[in-house]
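Under numbering that gives the first Met the number 0, think of the first position of the sequence shown as 0, with each following residue one higher.
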Amino acid sequence: MGRTQGFYVDTVQRTSPADRDAVWSVVEGIGGERGWYSTDRLWAARAAANRLGLPPGRLRHREDPDRLAPGQRLDWWTVEALEPSRRLRLRALVRMPGEAWLDIFLEPRADGGCLYRQTTVFRPAGAAGRAYWYAMLAPHKAVMGRLASDILEHARR
Numbered sequence: 000m001g002r003t004q005g006f007y008v009d010t011v012q013r014t015s016p017a018d019r020d021a022v023w024s025v026v027e028g029i030g031g032e033r034g035w036y037s038t039d040r041l042w043a044a045r046a047a048a049n050r051l052g053l054p055p056g057r058l059r060h061r062e063d064p065d066r067l068a069p070g071q072r073l074d075w076w077t078v079e080a081l082e083p084s085r086r087l088r089l090r091a092l093v094r095m096p097g098e099a100w101l102d103i104f105l106e107p108r109a110d111g112g113c114l115y116r117q118t119t120v121f122r123p124a125g126a127a128g129r130a131y132w133y134a135m136l137a138p139h140k141a142v143m144g145r146l147a148s149d150i151l152e153h154a155r156r
């Protein structure tokens with residue numbers, strides 16, 4: 000975890016024997032009715048904490064179960080950027096003292112597998128945002144590490 004120009008950045012990087020298209024298929028299909036794999040309950044708990052300020056149905060939503068597009072909502076995220084088979088950037092919709100993004104980047108490897116890089120970026124809003132980041136750091140690392148493992152495991156199936 001590092002800090003860059005006022006942003007907190009945390010990256011999980013792994014290699015997979017699965018090819019980039021197989022991994023992308025899992026990445027693009029995440030959320031909605033499929034959920035977030037073994038971290039689904041933790042993601043849902045975080046979103047449920049936000050439920051009081053959200054209209055009904057806002058916590059679990061996908062317009063298309065297989066494809067994403069910029070501007071679409073994906074559960075408690077908005078698809079901010081999408082480069083098929085390469086990159087997905089989500090912006091968090093949940094209330095927090097700052098702004099957060101989740102960026103997933105895939106790069107093919109010479110051996111036929113791929114490099115998976117998942118980066119969380121948080122821009123804190125003042126002291127409350129900084130305190131929030133550090134308070135959430137341990138659960139964040141556990142959830143993000145598990146999410147990366149689950150995505151790569153499903154891609155190998």
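Glycine residues also receive a C-beta, built at the ideal position from the N, C-alpha and C atoms.
Nearest-angstrom Cβ-Cβ length linking residue i and residue j, presumed shorter than 8 Å
i    : j    : result
V120 : F6   : 5 Å
W75  : L101 : In fact, because the Cβ distance is near 11 Å, the residues do not count as touching under 8 Å.
Inter-residue Cα distance where the pair is residue i and residue j
i    : j    : result
G30  : W132 : 23 Å
V25  : R129 : 32 Å
M143 : P107 : 21 Å
D9   : K140 : 8 Å
Residue interval of the alpha helix (DSSP H) (run including residue i)
i   : result
W23 : 19 to 27
E79 : First-last for E79: 76 to 82, but that is the beta strand (DSSP E), not the alpha helix (DSSP H).
Among the options, nearest to residue i - alpha-carbon criterion
i   : options             : result
M95 : D74, A127, A21, L67 : A127
L81 : F104, W75, D74      : F104
Residue burial classification, residue i (beta-carbon count within 10 angstroms, cutoff 16)
i    : result
A68  : exposed
Q117 : buried
S37  : exposed
P54  : Low local confidence applies: a pLDDT of 47 at P54 is under 50, so the model's placement there is unreliable, and no value is given.
P123 : buried
G111 : exposed
A19  : Here the sequence assigns Arg to residue 19, which means Ala is not the residue at that position. Result: buried.
Residue i, enclosing beta strand (DSSP E) - first and last residue
i    : result
Y115 : 113 to 123
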